[in-house]
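Inspection log for the structure reproduced underneath, given as structure tokens.
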Amino acid sequence: MPSIARTYDFMLGGGHNFAVDRAVGEQIEHAMPGLRDAARVNRAFLGRAVRFMTARGIRQFLDIGSGIPTVANVHEVAQEQDPECRVVYVDRDPVAVAHSELILAGNDRAAIVQADMRDPEKILESPQVRGLLELEKPVGLLMLLMLHWVPDESGPLDLVGRYGSALAPGSFLALTHVTGDHQGENLEEATDVIKESRSPDQVTLRTHSQVAELFAGFEIVEPGLVGCGEWRPSGPADISAAAEMNMLVYAGIGRKS
2 MPSIARTYDF MLGGGHNFAV DRAVGEQIEH AMPGLRDAAR VNRAFLGRAV RFMTARGIRQ
62 FLDIGSGIPT VANVHEVAQE QDPECRVVYV DRDPVAVAHS ELILAGNDRA AIVQADMRDP
122 EKILESPQVR GLLELEKPVG LLMLLMLHWV PDESGPLDLV GRYGSALAPG SFLALTHVTG
182 DHQGENLEEA TDVIKESRSP DQVTLRTHSQ VAELFAGFEI VEPGLVGCGE WRPSGPADIS
242 AAAEMNMLVY AGIGRKS
């Protein structure tokens, strides 16, 4: 069956995907031209988020739904700022985990956990997290392009709260989430492709106010919850030439007080 992690890898130009993933990616791209650009804009936000956090003293990161490693992974960005930074990745896709293990071999300050993000207790109690992260100190929690895969009935707000309650004051949450606020029928066609793909992952679109609610317990920092391309861009590479692709995904960072 197609995997969203591998389809995202395909969208970013990676090579760790199968024909079934590429077929879904091409169908989505056909329904919504420019989607690869939106994926690139989201990836660029990851780098800015990690640099923002390291500049404020964060030296340990938990990346939920990290996907298949590509360029500018969290540990690469963080350890470029400070080699002492520690990173734990989490993904349930075996291909993503296998490739992460290969890339992280020999890096004793980074590890991967194979787990579902809906089981935060298992993740937080894992040997990798317990061995690398000190939860009594601030952590940078990343949940990028993840929570729109959690339907309302599964309680996304409660899920984020379970992670947040385990984090020390001064921790940060970086979050991106697909929205339909600024899109038309093309987005509906793209989500229909995913529905028909037999993938176990299905999109739940949320409004600006619904995504903002996911930051409960965190104070959203400036410039607030905005389009991914509008969150403190550092140059043209952080923005899509197609304005709607900058607004397909909301992005924000919150700080736990």
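So the working numbering is basically just the index in the sequence shown, starting at one, shifted up by 1. All C-beta atoms, glycine included, are put in the ideal place defined by N, C-alpha and C.
In chain order, what residues of the same chain lie with their CB nearer than 7 Å to the CB of residue i, ignoring the 5 residues before and after it?
i, result
"Ser258", "Pro170 and Glu220"
"Ile124", "Val91, Val114, Ala116 and Val130"
"Met54", "Gly141 and Phe173"
"Val98", "Asp92, Ile113 and Gln115"
"Leu188", "Met33 and Gly181"
"Leu134", "Gln61, Leu63, Arg87, Val89 and Val140"
"Leu105", "Ala111, Ala112 and Ile113"
"Thr208", "Thr180 and Asp182"
"Arg163", "Pro121"
"Gly68", "Ala6, Tyr9, Asp10, Asp92 and Ala97"
Quick one: using the 10 Å Cβ neighbour count with 16 as the cut-off for buried, is residue i buried or exposed?
i, result
"Gly16", "exposed"
"Ala112", "buried"
"Gly66", "buried"
"Asp153", "exposed"
"Thr177", "buried"
"Asp83", "exposed"
"Gly107", "exposed"
"Leu215", "buried"
"Leu103", "exposed"
"Ser155", "exposed"
"Gly132", "exposed"
"Ser210", "exposed"
"Ser235", "exposed"
Between residue i and the rest of its own chain, which residues show a CB-CB distance below 6 Å, the 5 nearest in sequence each way excluded?
i, result
"Val51", "Val75, Val78 and Ala79"
"Val194", "Gln28, Ile29 and Ala32"
"Ser101", "Pro70, Tyr90 and Ile113"
"Val21", "Pro3"
"Asp239", "Ala45"
"Asp202", "Ile5 and Trp150"
"Thr192", "Val204"
"Gly165", "Gly218"
"Ser127", "Val114"
Measure the CB-CB distance between residue i and residue j and report whether it falls below 8 Å.
i, j, result
"Phe46", "Ala252", "yes"
"Val88", "Arg110", "yes"
"Leu13", "Arg41", "yes"
"Leu206", "Ala175", "no"
"Leu158", "Ala73", "no"
"Ala6", "Asp94", "yes"
"Val250", "Asn18", "no"
"Val227", "Val204", "no"
"Leu233", "Arg49", "A quick correction: the sequence has Arg, not Leu, at residue 233. A contact, by the Cβ cut-off of 8 Å."
"Arg57", "Cys86", "no"
With a threshold of 7 Å (Cβ to nearest heavy atom), would residue i be considered close to the ligand HEM?
i, result
"Val161", "With respect to the ligand HEM, the structure offers nothing, as it holds no ligand at all."
Rounded to the nearest angstrom, how far is the Cβ of residue i from that of residue j, given a contact under 8 Å?
i, j, result
"Pro224", "Glu231", "7 Å"
"Met246", "Gly35", "5 Å"
"Ser241", "Asp10", "With 8 Å as the limit, Ser241 and Asp10 do not qualify as a contact, their Cβ atoms being about 19 Å apart."
"Leu143", "Ala167", "No, Leu143 and Ala167 are not in contact; Cβ-Cβ is about 15 Å, not under 8 Å."
Below 8 Å CB to CB, which residues in the same chain sit around residue i once its five sequence neighbours on both sides are set aside?
i, result
"Leu160", "Met118, Arg119, Pro121, Leu148 and Val151"
"Glu190", "Ala32 and Met33"
"Glu81", "none"
Kindly indicate if chain C contains any beta-carbon less than 8 Å away from that of residue i.
i, result
"Ile124", "You won't find chain C in this structure, because it holds only one protein chain."
Beta strand (DSSP E) runs wholly inside the segment 123-166, at least 3 long, in chain order
Counting whole runs of 3 or more residues, the segment 123-166 contains the beta strand (DSSP E) stretches 141-145.
Of all the alpha helix (DSSP H) runs that stay within the bounds of the segment 34-84, which reach a length of 4 or more residues?
The segment 34-84 contains, as complete alpha helix (DSSP H) runs of 4+ residues, the segments 36-56 and 75-82 (chain order).
What are the complete alpha helix (DSSP H) segments, minimum 4 residues, inside the segment 177-246?
DSSP runs (the alpha helix (DSSP H)) wholly in the segment 177-246: 186-197 and 209-214.
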